[in-house]
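Colleague: Numbered per my numbering, the sequence shown finishes at 180, counting up by one with no gaps.
Ideal Cβ placement from N, Cα and C applies to all residues, glycine included.
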Amino acid sequence: NMGIGVAVTSYRDDLTIGIFADPDLCPDISAFAAALDAQFEAHL
Numbered sequence: 137n138m139g140i141g142v143a144v145t146s147y148r149d150d151l152t153i154g155i156f157a158d159p160d161l162c163p164d165i166s167a168f169a170a171a172l173d174a175q176f177e178a179h180l
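#1: What are the boundary residues of the alpha helix (DSSP H) that includes Asp173?
#2: What distance in whole Å lies between the Cβ atoms of Asn137 and Asp158, which are believed to be in contact at a cut-off of 8 Å?
#3: Can you tell which of Leu180, Leu161, Asp160, Leu172 has its C-alpha closest to the C-alpha of Ala143?
#4: How close, in whole Å, do the beta carbons of Cys162 and Gly141 come, if the pair is a contact with beta carbons under 8 Å?
#5: Opposite Asp150 in the DSSP bridges: which residues?
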């Protein structure tokens, strides 16, 4: 079983990140997504 998966794609100056998670294994996935977003914003 996979608790969390992250996919990243880049096309024509556009970066897309997808996150999927098993809520039983990663109940706080929204906190992970928010932290990831904050780190990207800090580096822009």
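Modeller: With the given structure in hand:
#1: For the purposes of this step, residue 173 is taken as the residue at position 37 of the sequence shown. The continuous alpha helix (DSSP H) containing Asp173 extends over residues 165–178.
#2: For the purposes of this step, residue 158 is taken as residue 22 along the sequence shown, with counting starting at 1. For the purposes of this step, residue 137 is taken as residue 1 along the sequence shown, with counting starting at 1. Indeed they touch by this definition, with Cβ atoms about 7 Å apart.
#3: For the purposes of this step, residue 143 is taken as residue 7 along the sequence shown, with counting starting at 1. Leu172 is the residue among Leu180, Leu161, Asp160, Leu172 whose C-alpha sits nearest the C-alpha of Ala143.
#4: Translated into positions along the sequence shown, residue 162 becomes position 26. Translated into positions along the sequence shown, residue 141 becomes position 5. Taking C-beta atoms under 8 Å as the contact rule, Cys162 and Gly141 fail to qualify, at a distance of about 10 Å.
#5: Position 14 of the sequence shown, counted from the start, is the residue given in the question as residue 150. In DSSP, Asp150 forms a bridge with Tyr147.
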